[in-house]
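A.B. asks:
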């Protein structure tokens with residue numbers, strides 16, 4: 080698994096900050112929380128405690144076929160069914176403040192299995208899913224690469240998760256803390272990959 084280098088990460092964030100604030104907020108959030116994209120997609124404002132700067136991850140939003148031929152959204156437990164509380168970094172707090180400021184203007188009435196007030200939506204105001212997010216990310220990286228000094232090859236939401244964890248590991252974060260934040264079932268997974 081490949082993480083972005085520090086130069087690629089800084090270059091991409093700088094580009095997004097100037098040219099695509101919506102994607103900038105999403106990338107900062109994913110790097111800073113190391114959430115799985117299904118957890119990110121399912122995040123609602125009820126999961127965000129701005130006062131205590133804490134994010135609760137206790138479900139994910141899946142988009143797949145269930146009992147029919149049609150793809151549908153569904154709320155499911157997290158991958159290992161554990162609840163995580165993720166503290167907000169200054170950057171994550173900043174983008175959530177920015178999002179909250181515009182939320183009631185841009186609000187869409189999506190409701191999935193009783194969950195509503197989703198934090199992150201596509202540019203068209205639809206619910207996020209792995210395919211929509213990865214498509215949007217690849218398109219913005221193509222535009223970034225046109226003028227970038229540190230070009231980025233293939234990228235996905237998982238690349239951002241991996242990059243966030245790699246940066247924290249490089250900064251000396253304890254492996255058990257990383258395991259918890261990543262939502263891995265045991266430290267061996269975290270240790271083997273990062």
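Residue numbers (my numbering): 80 to 273.
Using N, Cα and C, we set each Cβ at its ideal position, and we do this for glycine too.
Computed from a predicted structure; not experimentally measured.
Give a single yes or no on whether residue 89 has its beta carbon closer than 7 Å to a heavy atom of the ligand SAM.
C.D. replies: Absence of the ligand SAM from the depicted structure is noted, as is the absence of any ligand whatsoever, leaving it without description.
A.B. asks: For residue 82, which three-state DSSP category applies?
C.D. replies: Here residue 82 is taken as the residue at index 3 of the chain shown, counted from 1. Of the three classes helix, strand and coil, the one that applies to residue 82 here is coil, per DSSP.
A.B. asks: Is the distance from the Cβ of residue 209 to the Cβ of residue 220 below 8 Å?
C.D. replies: Residue 209 sits at position 130 when you count from the first residue of the chain shown. Residue 220 sits at position 141 when you count from the first residue of the chain shown. Result no, Cβ atoms of residue 209 and residue 220 do not sit closer than 8 Å.
A.B. asks: Tell me whether the beta-carbon of residue 229 lies closer than 8 Å to the beta-carbon of residue 111.
C.D. replies: By 1-based counting over the chain shown, the position of residue 229 is 150. By 1-based counting over the chain shown, the position of residue 111 is 32. The Cβ-Cβ distance between residue 229 and residue 111 does not fall below 8 Å.
A.B. asks: Just verifying my parser: in three-state terms, what is the DSSP assignment at residue 176?
C.D. replies: Here residue 176 corresponds to residue number 97 of the chain shown, with the count starting at 1. Residue 176: helix per DSSP, three-state reduction.
A.B. asks: Thinking residue 151 and residue 104 are a contact (beta carbons under 8 Å), I'd like their distance in whole angstroms, please.
C.D. replies: Translated into the one-based positions of the chain shown, residue 151 becomes position 72. Translated into the one-based positions of the chain shown, residue 104 becomes position 25. With 8 Å as the limit, residue 151 and residue 104 do not qualify as a contact, their Cβ atoms being about 27 Å apart.
A.B. asks: Count the C-beta pairs between the stretch 163-170 and the stretch 193-203 that are closer than 8 Å, then say yes if the count reaches three, no if not.
C.D. replies: No, because fewer than three Cβ pairs between the stretch 163-170 and the stretch 193-203 fall closer than 8 Å, the two stretches do not touch.
A.B. asks: If you pair each beta-carbon of the stretch 132-141 with each one of the stretch 113-123, do three or more pairs fall below 8 Å?
C.D. replies: Flag = yes, the stretch 132-141 and the stretch 113-123 touch.
A.B. asks: Rounding to the nearest angstrom, what Cα-Cα distance links residue 179 and residue 127 in this structure?
C.D. replies: For the purposes of this step, residue 179 is taken as residue 100 along the chain shown, with counting starting at 1. For the purposes of this step, residue 127 is taken as residue 48 along the chain shown, with counting starting at 1. Whole-angstrom Cα-Cα distance: 10 Å.
A.B. asks: Contact defined as beta carbons within less than 8 Å: I believe residue 132 pairs with residue 172. What is the distance between those atoms, to the nearest angstrom?
C.D. replies: Position 53 of the chain shown holds residue 132. Position 93 of the chain shown holds residue 172. Between residue 172 and residue 132 the Cβ distance is about 6 Å, and since that is below 8 Å, they are a contact.
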